[in-house]
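The next block holds one structure in the form of structure tokens; read it before the comments.
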Amino acid sequence: MASSALCRRSPRPHRAWGESSPLSSCSGSAARLTAPAAARGRATQRARHGAAAGGDGDPIVSTAWLAANLEDVSILDARGRVDTAEVAPGAEKSNYVACYDDYLEGHIPGAVFWDWTRDGVDRSQQVPVQLEGDADTFHALLEAKGVGTDRPVVVYDAGDGMFAARVWWSLLYHGHPSPRVLEGGWEQWKAEGRGSELYEPCTLKLSSATTFDAALARPRPEVRVTAEELAALLPPGGAAAGGGGGSGGGSGGGGAGAGGAAVVVVDTRNAEQYSGQVRRGPRGGRVPGALPLPRRELLDPATGRLLPRPRARALLEGRLGIGLGGGGGGGGGEGGSGSGEGGSSEGPGGSGEGAGGEGARVVAYCNGGVAACTLALALQREGYRNWAVYDGSWNEWGAREELPVEAGGGGQAGGGGQSGGGGGQSGGGGLSER
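According to full-length UniProt numbering, the sequence shown holds residues 1 to 434 in order.
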């Protein structure tokens with residue numbers, strides 16, 4: 001990605017989500033919806049989000065759609081980066097950065113900043129950036145950000161969608177009826193000459209005027225797995241789908257996943273990390289039997305965005321061996337977008353089936369549970385519902401000696417693992433396979 005898309009370091013500490021901004025004017029007030037008013041509006045809200053059973057919308061919207069619907073959505077700016085540096089031969093360390101200064105220098109009108117390193121993060125966990133599991137705490141945060149259940153919420157980042165997909169996944173897990181990701185993010189919005197603003201919305205006004213109605217929330221705990229749950233999914237001997245992770249990687253296409261397995265574990269890191277040649281943490285390697293599908297292969301090198309849907313579908317079916325059928329998640333329109341308020345972003349239904357009526361359970365991981373969300377977003381867009389993200393990912397698995405590890409091999413079928421440029425250099429790239 002071009003350097004203009006990267007955020008800069010700043011000595012200014014980012015404020016906690018409950019603190020007021022010195023750039024905001026908090027004069028005036030807005031009343032929270034009363035309970036009767038909220039109840040009267042629920043039918044309208046359900047219709048807006050497509051909350052009827054079977055509702056299904058594209059999780060991605062275009063800049064044109066957002067520009068036409070700015071007044072009818074909540075917007076979160078989730079720009080960030082991951083810096084990496086070599087600390088020893090074959091060993092790296094990473095630093096997680098939220099691009100708050102870039103937000104202050106310009107953002108989509110009405111957008112509120114989401115610090116992906118702190119907001120919605122369970123800070124009691126030893127593993128970094130783990131999702132806050134308490135629904136009440138997360139819903140209170142959403143209200144403070146001006147995100148309620150009365151309208152869709154659109155998340156964007158610099159452009160390639162990695163951090164936006166992570167926030168989308170968090171919103172899905174905690175039951176927001178209609179989370180969306182902006183295709184092309186800030187860079188696309190800016191390149192098209194669309195409006196921007198510098199000031200930050202007042203958090204006091206936002207929180208007082210916003211209600212996250214638990215009656216409309218639809219929690220989806222099935223989109224997240226723990227280390228213990230993933231370990232239990234692995235068959236005896238540790239081989240999941242596709243066996244020992246050589247260069248072949250998940251061909252063979254039957255609806256039960258590669259090799260007919262009921263579970264397909266997918267490693268979305270780069271080839272060097274997959275093979276164990278490069279590690280971040282005490283151990284290198286991968287979850288036994290995991291298939292390699294680097295996140296970068298899901299992106300179009302020409303645009304830095306998710307592959308067009310026909311190409312994405314072919315890649316997912318061929319590499320993971322899952323059946324996606326001929327459908328997808330909603331009427332995408334141009335660039336795979338255009339769903340907006342017309343449908344819900346239904347989470348996995350727990351049925352064990354994809355759009356084609358057949359499919360394994362796909363569990364994606366990376367280094368910290370962020371890059372893996374891009375695979376989740378791609379599957380969701382194609383109508384595949386039986387997926388989950390291993391939140392702790394290699395930050396946790398690689399540090400726990402009692403969990404099995406496999407190393408070696410590491411070639412990716414198709415050879416595109418590093419297309420579009422590889423971040424990973426300290427202070428450069430900023431988009432390493434998180």
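Just so you know, even glycine gets a beta-carbon here, dropped at the ideal spot from N, CA and C.
Check whether residue i and residue j have beta carbons under 8 Å apart
| i | j | result |
| --- | --- | --- |
| S153 | L182 | For clarity, residue 153 is Val in the given sequence; the question names Ser instead. Going by C-beta atoms, V153 is not nearer than 8 Å to L182. |
| L316 | L306 | no |
| E401 | V127 | no |
| W114 | A376 | no |
| E192 | T63 | yes |
| L324 | G383 | yes |
| E92 | R280 | yes |
| L141 | G120 | yes |
| D267 | A290 | yes |
| residue 437 | Y156 | Any question about residue 437 goes unanswered here, given that the chain covers just 1 to 434. |
| K227 | G359 | Note that residue 227 is Ala in the sequence shown here, rather than Lys. No, these two residues do not count as a Cβ contact at 8 Å. |
| R180 | V370 | no |
| R194 | A67 | yes |
| A158 | W186 | yes |
| residue 486 | R118 | Shown here, the chain extends from 1 to 434; a query on residue 486 therefore has no answer. |
| G90 | V278 | yes |
| Y96 | V82 | yes |
Straight-line gap, residue i to residue j (C-alpha atoms, nearest Å)
| i | j | result |
| --- | --- | --- |
| G347 | Q380 | Legend: pLDDT at G347 = 42, less than 50; position of this residue unreliable, value from coordinates given subsequently. Rounded to whole angstroms, G347 to Q380 spans 8 Å at the Cα level. |
| S25 | L104 | Confidence is the limiting factor: at S25 the pLDDT is only 30, short of 50, which leaves the residue's position unreliable and the question unanswerable from this model. |
| V112 | P235 | 44 Å |
| A52 | P219 | Confidence at A52 is low in this model, with a pLDDT of 28, below 50, so the placement of that residue should be treated as unreliable; the coordinate-derived value is given next. Taking the straight line from one Cα to the other gives about 15 Å. |
| G409 | A314 | 24 Å |
| Y390 | S94 | 19 Å |
| R319 | Y199 | 45 Å |
| E222 | A98 | 27 Å |
| A217 | G133 | 15 Å |
| A312 | P109 | 31 Å |
| S124 | Q130 | 9 Å |
| S208 | R224 | 31 Å |
| S196 | I60 | 21 Å |
| R283 | A407 | 10 Å |
| P288 | W387 | 18 Å |
| G184 | P201 | 23 Å |
| G321 | T374 | 18 Å |
| R269 | F212 | 35 Å |
| E229 | A378 | 23 Å |
| G161 | G80 | 10 Å |
| L204 | H139 | 16 Å |
| H286 | L70 | For the record, residue 286 in the displayed sequence is Arg; it is not His. Spanning the two alpha carbons is a distance of roughly 43 Å. |
| A399 | Y100 | 30 Å |
| W116 | F163 | 7 Å |
| A372 | A135 | 22 Å |
| G106 | A85 | 29 Å |
| D308 | E143 | The sequence given here places Pro at residue 308; Asp does not occur at that position. Their Cα atoms are separated by approximately 34 Å. |
| P404 | T210 | 46 Å |
| P310 | P301 | 16 Å |
| D122 | T137 | 10 Å |
| G333 | Y173 | Any reading at G333 needs caution, since the residue's pLDDT is 35, under 50, leaving its predicted position unreliable; the model's value is listed next. Distance between the alpha carbons of G333 and Y173: 26 Å. |
| D58 | D102 | 28 Å |
| S178 | R385 | 16 Å |
| W65 | W394 | 36 Å |
| L233 | L206 | 42 Å |
Residue i: CB within 7 Å of a non-hydrogen atom of the ligand GDP
| i | result |
| --- | --- |
| D157 | For the structure depicted, the ligand GDP is absent and the ligand set is empty, with no information on it obtainable. |
Sheet register partners of residue i (DSSP bridge)
| i | result |
| --- | --- |
| L76 | V112, V155 |
| D267 | P292, Y365 |
| residue 494 | Here the chain comprises residues numbered 1 to 434, so residue 494 is not present and cannot be evaluated. |
| E382 | According to DSSP, E382 bridges with nothing at all. |
| E406 | R286 |
| A191 | DSSP lists no partner for A191. |
| V61 | L182 |
| D391 | DSSP output for D391 lists no bridge partner at all. |
| T84 | S94 |
| L320 | According to DSSP, L320 bridges with nothing at all. |
| R279 | A91 |
Q) In the segment 194-245, which residue ranges form an unbroken alpha helix (DSSP H) of at least 4 residues, counting only runs that do not cross its ends? A) Listed in chain order, the complete alpha helix (DSSP H) runs (minimum 4 residues) inside the segment 194-245 are 203-208, 227-233.
Q. Are at least three pairs of beta-carbons, each pair with one atom in the segment 67-77 and one in the segment 136-153, less than 8 Å apart?
A. Using a Cβ-Cβ distance cut-off of 8 Å, the segment 67-77 and the segment 136-153 are in contact, since at least three pairs of beta carbons, one from each stretch, lie closer than that value.
Q: Tell me, please, whether the segment 264-276 touches the segment 363-381 by the rule of three or more beta-carbon pairs shorter than 8 Å.
A: With contact defined as three or more Cβ pairs closer than 8 Å, the segment 264-276 and the segment 363-381 are in contact.
Q) Fully enclosed by the segment 149-180, which beta strand (DSSP E) runs are 3 residues long or longer? A) Listed in chain order, they are 153-156.
Q) At what residue ranges does the segment 87-135 contain a whole run of the beta strand (DSSP E), taking only runs of 3 or more? A) Contiguous beta strand (DSSP E) elements confined to the segment 87-135 occur at 91-98, taking only those with 3 or more residues.
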